[in-house]
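End of the sequence shown sits at 369 in the numbering used here; the numbers just go up one at a time, nothing left out.
Step one of this worksheet: look at the structure below.
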Amino acid sequence: MNPELHTLPTGRHHVACIMDGNGRWAETRDLPRTAGHTAGEENLASIVRAAAQRDIGWLTVFGFSTENWVRPRAEVRHILGLHERLFGRVEELNDNNIRIRWIGRPFDSPESRTPRFVQRSIRKAIADTAQNTGMVLTVAFDYGSRFEMMNAARNARADGSDLNMNDITKRLHDADLPPVDVMIRTSGEIRVSNFLLWQAAGAAIHFTDTAWPDLSASELDTALSLVEAS
Ligand code: FPP
């Protein structure tokens with residue numbers, strides 16, 4: 140799905156974000172949950188710009204999980220629209236020399252649930268930003284880490300592998316994705332959920348009470364200081 144990277148980014152770190160708390164952010168303002176997701180997408184765009192100006196080569200964000208499909212239909216529809224909007228920000232991504240990529244259940248797998256219109260926006264954004272050389276922004280959509288690992292093991296077994304570490308790593312959704320250096324989880328939840336469990340085995344974790352729509356560039360710096368100090 141993702142094209143081979145022609146140039147590695149120069150930024151050294153891989154930051155992963157679990158963007159939690161959009162719903163609570165909206166509820167405390169007497170707004171519908173969907174308004175929280177809209178604010179979350181807008182803040183993601185500004186965090187992406189901030190990350191591209193720092194020593195970050197890879198930013199991976201949890202946009203929609205394999206478990207999120209059980210949410211109310213109107214909320215799911217709204218979040219799908221926000222992904223279409225995010226993947227439509229090609230001009231902004233190109234202005235910042237950012238490549239966009241995607242991880243999730245492969246579109247041709249029987250388990251995939253990504254609707255066609257989202258598939259189209261993902262494919263187009265990947266193709267239209269592939270020539271950039273800067274930060275790689277990877278969006279996890281219809282993504283679950285346990286599915287990813289099981290799928291990699293399944294494919295390795297089908298290929299007759301004896302299942303060593305490298306045989307699994309190279310069959311993950313994006314074999315180019317490096318180990319995560321720091322994981323950020325917003326909104327006071329002290330857990331990692333089903334996100335990048337293989338890739339984040341050695342990651343530092345920055346848990347914060349800040350809701351995702353309020354996460355600032357200076358808090359991104361606080362998280363980065365966890366890896367820059369080590
Ligand atoms: C968590 O908030 C966020 C999500 C379920 C994913 C959706 C994320 C966004 C819309 C922001 C980024 C946008 C894109 C397009 C990648 P929650 O609903 O779980 O909040 P709560 O825990 O307060 O209810």
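Backbone N, C-alpha and C define an ideal beta-carbon position, used for all residues, glycine too.
These numbers come from a predicted model, not from an experiment.
What do you reckon, is the C-beta of residue i under 6 Å from a heavy atom of the ligand FPP?
i	result
R330	no
M274	no
M158	yes
E180	yes
L354	no
I218	yes
H176	yes
G227	no
L116	Residue 116 lies beyond the stretch modelled for the chain, which goes from 140 to 369, so this question has no answer here.
L183	yes
R240	no
G202	yes
N161	yes
What are the boundary residues of the beta strand (DSSP E) that includes residue i?
i	result
G202	I195 to S204
H152	H152 to I157
Would you call the CB atoms of residue i and residue j closer than 7 Å?
i	j	result
V84	W337	The question about residue 84 has no answer here: the residues shown for the chain are numbered 140 through 369.
L198	L311	no
F334	S284	yes
A264	I239	yes
W351	G162	no
H345	A362	yes
D353	G327	no
T205	L232	no
D320	V257	no
P148	G273	yes
Stretch-stretch touch, CB-based, cutoff 8 Å, three pairs: the stretch 220-227 with the stretch 177-194: yes
Cβ contact check for the stretch 193-211 and the stretch 150-169: 3 or more pairs under 8 Å: yes
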